[in-house]
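Trainee: For the sequence shown, my numbering gives the first residue as 26, with consecutive numbering after it. The beta-carbon is built from N, C-alpha and C at its ideal position, and this holds for glycine as well.
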Amino acid sequence: MTNRIQSLLGVDYPVVQAPMTYIARAELAAAVSEAGGLGVIETLTPEGLADLKRVRELTDKPVAANLMIQGWKNDASIVDALAETGVRHVFTSAGDPALFTKPLHDAGMTVVHVVGSLKGAQKAADAGVDALVVEGVEGGGFKSVLGASTMVLLPLIAENTDLPIIAAGGICDARSAAAALALGAEGVQMGTRMLASQEAAVHANFKDAIVAANDSGTVLLDIPGNPTMRVLRTGLAARVAANDPDARLLAKITDLYFGGDMEASVANTGQVASRIGELLPVAEIIRRTWGEIEAVLDGARSRI
Numbered sequence: 026m027t028n029r030i031q032s033l034l035g036v037d038y039p040v041v042q043a044p045m046t047y048i049a050r051a052e053l054a055a056a057v058s059e060a061g062g063l064g065v066i067e068t069l070t071p072e073g074l075a076d077l078k079r080v081r082e083l084t085d086k087p088v089a090a091n092l093m094i095q096g097w098k099n100d101a102s103i104v105d106a107l108a109e110t111g112v113r114h115v116f117t118s119a120g121d122p123a124l125f126t127k128p129l130h131d132a133g134m135t136v137v138h139v140v141g142s143l144k145g146a147q148k149a150a151d152a153g154v155d156a157l158v159v160e161g162v163e164g165g166g167f168k169s170v171l172g173a174s175t176m177v178l179l180p181l182i183a184e185n186t187d188l189p190i191i192a193a194g195g196i197c198d199a200r201s202a203a204a205a206l207a208l209g210a211e212g213v214q215m216g217t218r219m220l221a222s223q224e225a226a227v228h229a230n231f232k233d234a235i236v237a238a239n240d241s242g243t244v245l246l247d248i249p250g251n252p253t254m255r256v257l258r259t260g261l262a263a264r265v266a267a268n269d270p271d272a273r274l275l276a277k278i279t280d281l282y283f284g285g286d287m288e289a290s291v292a293n294t295g296q297v298a299s300r301i302g303e304l305l306p307v308a309e310i311i312r313r314t315w316g317e318i319e320a321v322l323d324g325a326r327s328r329i
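(1) Could you tell me the distance, in whole angstroms, from the CA atom of LEU178 to the CA atom of PRO252?
(2) For ALA203, name the three-state secondary structure that DSSP assigns.
(3) Whole angstroms are fine: how far does the CA of GLY316 sit from the CA of THR27?
(4) Measure from the alpha carbon of ALA90 to the alpha carbon of each residue in VAL162, SER299, ALA55, then state which is nearest.
(5) Let me know the secondary structure DSSP gives THR279 once reduced to three states.
(6) With C-beta atoms as the reference, is ILE190 less than 8 angstroms away from GLU211?
(7) Measure the alpha-carbon distance for LEU129 versus PHE116 and round it to whole angstroms.
(8) Can you say whether ARG50 is buried or exposed, counting buried as having 16 or more other CB atoms within 10 angstroms of its CB?
(9) Assuming LEU246 and ALA289 form a contact by the criterion Cβ under 8 angstroms, report the distance between their Cβ atoms to the nearest whole angstrom.
(10) Is LEU322 near the ligand ATP - that is, is its Cβ less than 7 angstroms away from at least one heavy atom of it?
(11) Can the beta-carbon of ILE48 be found less than 8 angstroms from the beta-carbon of ALA229?
(12) I'd like the list of long-range same chain contacts for VAL88, defined as Cβ closer than 6 angstroms, with 5 residues on each side in sequence excluded.
(13) Which word fits LEU188, buried or exposed, when buried means at least 16 other C-beta atoms lie within 10 angstroms of its C-beta?
(14) Ordered along the chain, which non-local residues of its own chain (more than five positions away) have a Cβ less than 6 angstroms from that of ASP240?
(15) Determine the closest residue to LEU124 out of GLN95, THR135, LEU107, with distance taken between C-alpha atoms.
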């Protein structure tokens, strides 16, 4: 038996790795896809675009591309560039899905759009996308300060659209995946859990900070002149959150991600970090997340 997300994406497990800028590169995406999930490669950096071709040296399984609309809205050549790589699935985000959905469809690609509100979901459905990623405000990275949590947003959108849904925000294991299914999803997307994997190329300091985080370990930064982001409450971000006048939000993010300098920038991370206690191979993360759902549901039934 396969659900609509499995059929649409051609994967064994409807478990998607989030398209994290600088981080969602060929090695991580290939490991996820080889394990039966769907690896996603970012396209905002030249290295990311190149990796959509290089990833074919690492896996012949389905791999998707992310298209952040705000970054490409004035450059339609991205559609041809994606088509040349042979990628079949594109996850669009951060902008009007109507700009790229038809051109991507015309090029033979499926389109999954990331939304953080019911209004955004309805707009994406009107644009003709094939599926949605519904992401609650507890997820890491760029967010709306007015956003709802996955617990509220996911069933709201599921009740008001017929599109297949991938849940994101707060997902890290079979328990959270089972909850997402109960709320209307047919797949899950994970960013922070994939960051805390053996294959993620980020520095050990970043991974260790995720594992060490408690339930107040992230903060939603809403600083004038900067995008609203959920990040680890550590280093520079902790000083920004404490209104340090000398702190500067946007700095050298690659020095943090790959150099391990937690004062260099802010570390995009979801609240679910507090539930991540160890680094695991992505194959183990995917196997546990989808393969143990039945046991979780059996446990739930025993409490009814």
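Mentor: Once the coordinates are examined:
(1) Position 153 of the sequence shown holds residue 178. Position 227 of the sequence shown holds residue 252. Using only the alpha carbons, I get a separation of about 21 angstroms.
(2) Taking the first residue of the sequence shown as 1, we reach residue 203 at position 178. The answer is helix: DSSP assigns ALA203 an H, G or I state.
(3) The sequence position of residue 27 within the sequence shown is 2, counting from 1. The sequence position of residue 316 within the sequence shown is 291, counting from 1. In a straight line, the C-alpha of THR27 is about 14 angstroms away from that of GLY316.
(4) Along the sequence shown, one-based indexing puts residue 90 at 65. Nearest option by C-alpha distance: ALA55.
(5) In the sequence shown, residue 279 corresponds to position 254, counting from 1. Reduced to three states, the DSSP call for THR279 is helix.
(6) Taking the sequence shown and counting its residues from 1, one reaches residue 190 at position 165. Taking the sequence shown and counting its residues from 1, one reaches residue 211 at position 186. Yes, the pair counts as a contact, with Cβ atoms nearer than the cut-off.
(7) For the purposes of this step, residue 129 is taken as residue 104 along the sequence shown, with counting starting at 1. For the purposes of this step, residue 116 is taken as residue 91 along the sequence shown, with counting starting at 1. Rounded to whole angstroms, LEU129 to PHE116 spans 11 angstroms at the Cα level.
(8) Counting from one through the sequence shown, the residue named residue 50 turns up at place 25. Looking at its Cβ environment, which holds 16 or more other Cβ atoms inside 10 Å, ARG50 is buried.
(9) Taking the first residue of the sequence shown as 1, we reach residue 246 at position 221. Taking the first residue of the sequence shown as 1, we reach residue 289 at position 264. That pair is no contact at about 16 angstroms.
(10) Absent from the structure shown: the ligand ATP. Ligands present: none.
(11) Indexing the sequence shown from 1 puts residue 48 at position 23. Indexing the sequence shown from 1 puts residue 229 at position 204. No, these two residues do not count as a Cβ contact at 8 angstroms.
(12) In the sequence shown, residue 88 corresponds to position 63, counting from 1. If we look at VAL88 and ignore the five residues flanking it on each side, its Cβ neighbours are ALA54, SER58, GLY64, VAL80.
(13) Residue mapping note: residue 188 aligns to position 163 of the sequence shown, counting from 1. Classification for LEU188: buried.
(14) For the purposes of this step, residue 240 is taken as residue 215 along the sequence shown, with counting starting at 1. Closer than 6 angstroms at the Cβ level, and outside the excluded window around ASP240, lie SER299.
(15) One-based indexing of the sequence shown puts residue 124 at position 99. Considering only alpha carbons, the answer is GLN95.
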